[in-house]
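Written out below as C-alpha cells is the structure these notes cover.
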Amino acid sequence: MASKIISATIRRSLSPRTLPHIRPLSTAAAVTAAAEPYDETAGISMKGVKISGRPLYLDMQATSPVDPRVLDAMLPYFVSRYGNPHSRTHLYGWESDEAVEAARAQVANLINASPKEIVFTSGATECNNISVKGVMHFYKEKKKHVITTQTEHKCVLDSCRHLQQEGFDVTYLPVKSDGLIDLNELRSSIRTNTGLVSVMAVNNEIGVIQPMEEIGQICKEFNIPFHTDAAQALGKIPIDVNKWNVSLMSLSGHKVYGPKGVGALYMRRRPRIRVEPQMNGGGQERGIRSGTVPTPLVVGMGAACELAMKEMEYDEKRVTELKDRLLNGIRAKLDGVVVNGSTESRYAGNLNLSFAYVEGESLLMGLKEVAVSSGSACTSASLEPSYVLRALGVDEDMAHTSIRFGIGRFTTEEEIDKAVELTVNQVEKLREMSPLYEMVKEGIDIKSIQWSQH
Amino acid sequence: MTTAVPPPSRTEILSLFRSLLRSARQFPDYNIREYTKRRTIDSFRDNKILSDPASIAAAFSEGKSQLEVAKRQAVVYSLYAPKIRSIMDIKQ
C-alpha cells in the first residue's frame, strides 16, 4: 500500500515534465491508484474525461440540490395523494387543493405578499414571458415602450426582441462597470408611453444586487409597472414587494433548493396589474396560467420557501464566510485575479472571477473535479463570451477566462479548500506554459506589442 | 391549547441530539450528511440560551419532527444512492 502511494506520488511529480501537453487525468489517476483498495474500475468516464468520483458542486446559480426536507414534503403527493387539485368532487381533489393553497401561502409569506397574488407556473422563464409579453400585449393601445437592462436573463431579452418584431420600442439600459444600472439614465429613458420596466434583482452571472428600492421609487413616481426577475434573489436576500414597489415578480423553485419545473409569478392586486395569458385553456390560476397545477412540485416549492425563510440568516452568514475563504485562499496564491461586478452590492454566494493570462476553455477542462460554470448555463454552450461580461466592459480575454463559483447551503469548508487548491494548481500550470505571462513577468506591456501579420 | 407540554429533561435533549447525529451518518450523500451534522450542532448550540419552558418545549418538538424527516430521508437517499461517491468521500 505504501509503495503504491510512493509510486503514485513519483508519477504525479514526473508527469508534467515528461508530457508537454496538459494531462487533466494525472491527478485523478494518481488518486485512484493510491486510494482504491478494491480492484473495481473506480470513476466515471464521460465525454472523454475520467474522474474518480462525482465532482464537488459549486454551481448553485445553475440549479440547487433539492433539500431533503423539501423532498419529504413532496413524496406523499407522488405516492398516495395524487389527485388533481381542480377536481371538486372527491377527497383526492380536496386534499390536493388544500396542499396547493398551503404552498401558495408559504410562497407569499417569503415575499410579504398575499396568497391571492401568487400564480404558479412552470418556472421563472414562463413567468418572465407572461410578465413582459403579457403586460405589453394587454396595454398595447396606449403603451408601446419597454425599459430593461443589457444584463437581463436571456428569456427577458428574447421576449423583448419578440416585442420589437411586433412593433414595440425597447430601451436596453447599459450598466456601469460594476454591473449596476445608472438611476439617472433610467429616469431619462422613461417616456409617456412606457409600459414596463424590467430589472432583475440579483444577476445570475455576476451576482450583483440592483438598487431595487430606488428603481421602485422611480417607477412609482411615473406610475409605471415594475417587473423583476427575482429567481436568484428568492430566499437569499430579504424581499418585500411593498418596499420594492414591484408589480410583477418572477420566482423559480429550483434556485431555492426546491424541485425543477415549478415557479411562481407575483402579480400585484392594489393597484391591479393585468396581463394577457400566454397559456389558454381551462382558466386555472385565475385564467393567467391554464393547466393542471402540479401539486407535488408546488408543495415542494412552498416547503422550500418556508425553509428559506427560517434558514435565510444562518445560510447568509455561512455563505459569506465561505466566499471570503474562497476568495482569500485564491488571492493568497495567485495574482491577476479580478472579481467581476460590484463587490459591495453583491450576493455572496455568487463569485465570478477572471484569471488574467489564462485561457478559459483549458482552465475549465482542467477543473473537472469541481462543477463550476463559466458564464451562465444558457450561454456556456456557445463559444462566445458572456454578454453580461461584455456589458460590464470587461476585455475579451478576461471575459473568456471567467469562472463562476456558486456557494450554497450545503457547501462545506473542505469543498472550498479543495476548490481553491484545484483552481490554483490549474491556473499556475497554465500560466507556467503561457508565453504571454512570461512577457508580463519581464515587465513588457502586452497592449503595446505590435503583433506582426504574416 | 389545553395542558402545557412538560419541558424536556436534559437526558431527553441529549438523546435527541445523538439520534439526529446518528441519522446524519446514514446519508450516503456527502453534502447532506455534513449539512445535517453541522445544522444539528449549530441549532442545539443556538437554542442552549433558551430559558422559557414553552419555547424549549417548542424547539424540542421541532427537533423531534426534524428527526423523523431525517430518518425517512436517509432511507430514501440510501435507496437511490449513486454507485460512485462524491470526490470528497473518496479522497483521504
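Protein chains in written order, with this note's numbering: chain A, 881 to 1334; chain B, 235 to 326. Ideal placement from N, C-alpha and C gives every residue a C-beta, glycine not left out.
Quick one: does Phe1285/A have its CB under 9 Å from some CB of chain B? Nearest CB-CB separation between Phe1285/A and chain B: not below the 9 Å threshold.
State yes or no: is the C-beta of Ile1098/A within less than 9 Å of the C-beta of Ile1119/A? No, the pair does not count as a contact, with Cβ atoms beyond the cut-off.
Which two residues bound the contiguous beta strand (DSSP E) that contains Tyr1336/A? Since the first residue of chain A shown is 881 and the last is 1334, residue 1336/A is not available in this structure.
Buried or exposed for His1134/A, please, with buried defined as at least 16 other CB atoms from any protein chain shown within 10 angstroms of its CB. Residue burial is scored here from C-beta neighbours: His1134/A has at least 16 other C-beta atoms within 10 angstroms and is therefore classed as buried.
Status (buried if at least 16 other CB within 10 Å, exposed otherwise) for Glu1322/A: When all chains shown are included, Glu1322/A counts as exposed.
If you reduce the DSSP assignment to three classes, tell me which class Phe318/B lands in. First, the residue type needs correcting, since residue 318/B is Ile and not Phe in the sequence shown. In the structure shown, the three-state DSSP call for Ile318/B is coil.
Between Phe294/B and chain A, is there a C-beta pair that is closer than 9 Å? It does not: the Cβ of Phe294/B has no partner Cβ on chain A nearer than 9 Å.
State buried or exposed for Gly923/A, treating a residue as buried only when at least 16 other CB atoms are found within 10 Å of its CB. It counts as buried.
Given that Gln307/B touches chain A, what residues does it touch there, using C-beta distances under 7 Å? Taking a Cβ-Cβ threshold of 7 Å, the residues of chain A close to Gln307/B are Pro948, Leu951, Asp952, in chain order.
Which one of Glu1276/A, Val1136/A, Phe1285/A, Met1129/A has the shortest CA to CA distance from Asp1204/A? The shortest C-alpha separation from Asp1204/A is found at Phe1285/A.
Coarse secondary structure for Thr1028/A, derived from DSSP in three states: Thr1028/A carries a strand assignment under DSSP once its states are collapsed to helix, strand and coil.
Does Asp323/B get closer than 9 Å to chain A when you measure Cβ to Cβ? Yes, contact with chain A.
Identify, in the order they occur along the chain, each residue of the same chain with its Cβ nearer than 6 Å to the Cβ of Lys305/B, setting aside the five sequence neighbours on each side. The residues are Ser257.
Would you verify that the beta carbon of Ile247/B is, or is not, closer than 9 Å to some beta carbon of chain A? Using beta-carbon distances, Ile247/B does not count as an interface residue toward chain A, since no partner is under 9 Å.
Are Arg1226/A and Ile1086/A closer than 9 Å when you measure CB to CB? Yes, these two residues count as a Cβ contact at 9 Å.
Report the option in Leu938/A, Val929/A, Gly933/A whose CA atom is closest to the CA atom of Glu1295/A. The shortest CA-to-CA distance from Glu1295/A to any of Leu938/A, Val929/A, Gly933/A is the one to Leu938/A.
At a Cβ threshold of 9 Å, is Pro1265/A touching chain B? No, Pro1265/A lies away from the interface with chain B (no Cβ there is under 9 Å from its Cβ).
If you drop the 5 nearest sequence neighbours on each side, which residues of the same chain put their C-beta closer than 7 Å to that of Ser1127/A? The beta carbon of Ser1127/A is closer than 7 Å to those of Pro1105, Phe1106, His1107, Arg1148, Ile1153 in its chain, skipping five residues each way along the sequence.
Looking at the structure shown, is Gly1323/A part of a helix, part of a strand, or coil, going by DSSP? Gly1323/A: coil per DSSP, three-state reduction.
Kindly indicate the opening and closing residues of the alpha helix (DSSP H) around Lys1190/A. Where Lys1190/A is concerned, the enclosing alpha helix (DSSP H) starts and stops at 1175–1213.
What ranges does the alpha helix (DSSP H) occupy inside the segment 237–282 of chain B, keeping only unbroken runs of at least 4 residues that lie completely in it? Fully enclosed alpha helix (DSSP H) runs of no fewer than 4 residues occupy 244–259, 264–281 of the segment 237–282 of chain B, in order along the chain.
With H, G and I counted as helix, E and B as strand and the rest as coil, what does DSSP make of Thr912/A? Only weak support exists for where Thr912/A lies, its pLDDT of 45 falling under 50; the value from the coordinates is given anyway. Three-state DSSP puts Thr912/A in a helix.
Phe251/B CB to nearest chain A CB: under 9 Å? Phe251/B does not count as touching chain A.
Which class does Glu1318/A belong to by DSSP, given the choice of helix, strand or coil? Under the three-state reduction of DSSP, Glu1318/A is assigned to helix.
Own chain, CB closer than 6 Å to Ser243/B, minus 5 neighbours either side, in chain order: Within the same chain, Ser243/B has no close Cβ partners at all.
Should Pro316/B be flagged as near chain A, meaning a C-beta pair shorter than 9 Å? Closer than 9 Å: yes.
With contact counted as at least three CB pairs below 8 Å, one residue from each stretch, are the segment 1273–1288 of chain A and the segment 1232–1249 of chain A in contact? With a cut-off of 8 Å on Cβ pairs, the segment 1273–1288 of chain A is in contact with the segment 1232–1249 of chain A, counting three or more such pairs.
Residues of chain B with a CB under 8 Å from the CB of Phe1290/A: which are they? Asn265, Ile266, Glu268, Tyr269, listed in chain order.
What number of angstroms, rounded off, separates the C-alpha of Ala1251/A from the C-alpha of Asn1232/A? Roughly 14 Å separates the two Cα atoms.
Are there 16 or more other CB atoms within 10 angstroms of the CB of Pro1265/A, so buried, or fewer, so exposed? That one is buried.
Any beta-carbon of chain A closer than 9 Å to the one on Arg256/B? Not one beta carbon of chain A lies nearer than 9 Å to the beta carbon of Arg256/B.
Reduced DSSP secondary structure (H/G/I, E/B, other) of Ala1144/A: Per DSSP, reduced to three states, the secondary structure at Ala1144/A is strand.
Looking at Cys1035/A and Val1026/A, is the spacing between their C-beta atoms short of 9 Å? Contact: no.
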